[in-house]
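One structure below.
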Amino acid sequence: MAKVAFLGLGVMGSPMAGHLAKKGHDVTVFNRTGAKAEAWVAANGGRSAATPREAAAGCAIVFACVGNDDDLRSVVLGDDGAFAGMEKGAIFVDHTTASAEVARELSAAADAAGLRFIDAPVSGGQAGAENGVLTVMCGGEEATYAEAEPVIMAYARSCRLLGPSGSGQLTKMVNQIAIAGLVQGLSEAIHFGKRAGLDVEAVLDVISKGAAGSWQMENRGRTMNADKFDFGFAVEWMRKDLGILLAESRRNGARLPVTALVDQFYAEVEAMGGKRWDTSSLIARLER
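Under this note's numbering, the first residue of the sequence shown is numbered 125, with each subsequent residue one higher.
Structure, rendered in structure tokens:
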């Protein structure tokens, strides 16, 4: 069992850190809102720290799951950042969905400090974090990944190294591109079925067994049909992810016309008051 730290106790980080504690790891947590950290300790054991540097002291692996590139830099760099407290050879594993650029930046900073870095964004949403069945997409050095992977598996169903630093973040972008188009297609299918006077639940039951079937259809089709959108991954978070990947596409020359259009559709959902609705709420703009 390892001595580890976890920085960021949001809807993803809190259960992920909890799984580490349940597996017997010695966990110290940090959260910008200290009350959350204290509540986590009361529920899971371990200890809380006042700064990322304090949390990271003496840890073999430091994990983070925060909001965006700037949040990540704020907990990693500077006098109170995690890197300042980590010992030579320790590993930093970043589960934030962030840019490939910041992953490479922090990997270089870690290397200069004698530390090791893995970018490791996740897929599976809040339910995946709570149930310990996340998919983790990693970038970094093979030897570093080999040390970190057994600990990451405390909350993962699948974990894989995809290439050098930044590859995890680029893979997460691929994931979000695939999801965006799929959810829009499912939204249009359900909307069409309603307008055609079909029993949509019966239709979904039939077509989910064939080539149209998907995780989104199985897990969100019926709730989309019922106009229920309170299942975790929020529209505003998806727009953050889409903004990151669309910026990357402008750098690498990838053409993403459908993804760019779906981002505009999510902007419409936000304007309807749906920032905190889950991503399946794309159907709501069709049914206004």
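Glycine is no exception: its CB is placed at the ideal position from the N, C-alpha and C atoms.
By the criterion of a C-beta distance shorter than 6 Å, Val-386 is surrounded in its chain by Ala-304 and Gln-308, once the five residues flanking it on both sides are discounted. Contact between Leu-294 and Ala-224 is confirmed by a C-beta separation of about 5 Å, below the 8 Å threshold. DSSP places Ser-138 within a helical segment (H, G or I) once states are collapsed to three. With a minimum length of 4 residues, the unbroken runs of alpha helix (DSSP H) contained wholly in the segment 291-372 fall at 291-319, 324-331 and 339-349. With 16 or more other Cβ atoms from the protein chains shown falling within 10 Å of its own Cβ, Val-186 counts as buried.
Cβ neighbours of Gly-158 within its own chain (closer than 8 Å, five residues either side excluded): Ser-172 and Ala-174.
Around the C-beta of Val-298, fewer than 16 other C-beta atoms lie within 10 Å, and the residue is accordingly described as exposed. If you ignore the 5 residues before and after Val-260, its C-beta comes within less than 6 Å of the C-beta of Ala-244, Val-246, Ile-276, Ala-280 and Cys-283, all in its own chain and listed in chain order. With fewer than 16 other beta carbons inside 10 angstroms of its own, Asp-323 counts as exposed.
The C-beta distance from Leu-328 to Gly-345 rounds to 4 Å, short enough to fall under 8 Å. Taken in chain order, the complete alpha helix (DSSP H) segments of 4 residues or longer contained in the segment 190-237 are 193-200, 206-209 and 224-236. Membership of Ala-188 in the beta strand (DSSP E) is indicated by the continuous run 185-188. In the three-state DSSP reduction, Arg-400 falls in the coil class, being neither helix nor strand. The criterion of a C-beta distance shorter than 8 Å is not satisfied by Phe-207 and Leu-258. Partner residues in a beta bridge of Thr-175, as assigned by DSSP, do not exist. Beta-bridge partners of Ser-282 (DSSP): Thr-259. As the crow flies, the alpha-carbon of Phe-389 is around 14 Å from that of Lys-364. Annotated three-state conformation of Ala-129 is strand, per DSSP. It is roughly 16 Å from the alpha-carbon of Ala-232 to the alpha-carbon of Cys-262. Pairing Gly-202 with Ala-184, the inter-Cα distance amounts to about 20 Å.
When Gly-142, Lys-147, Gly-182 and His-149 are compared, the shortest CA-CA separation from Val-165 is found for Gly-142.
A straight line joining the alpha-carbon of Gly-290 with that of Val-359 spans about 24 Å. Leaving aside the five residues that flank Gly-132 on each side, the residues in its chain whose CB is nearer than 6 Å to its CB run, in chain order, Ala-188, Cys-189 and Val-190. Shown here, Thr-268 sits in a helix according to DSSP, grouped into three states.
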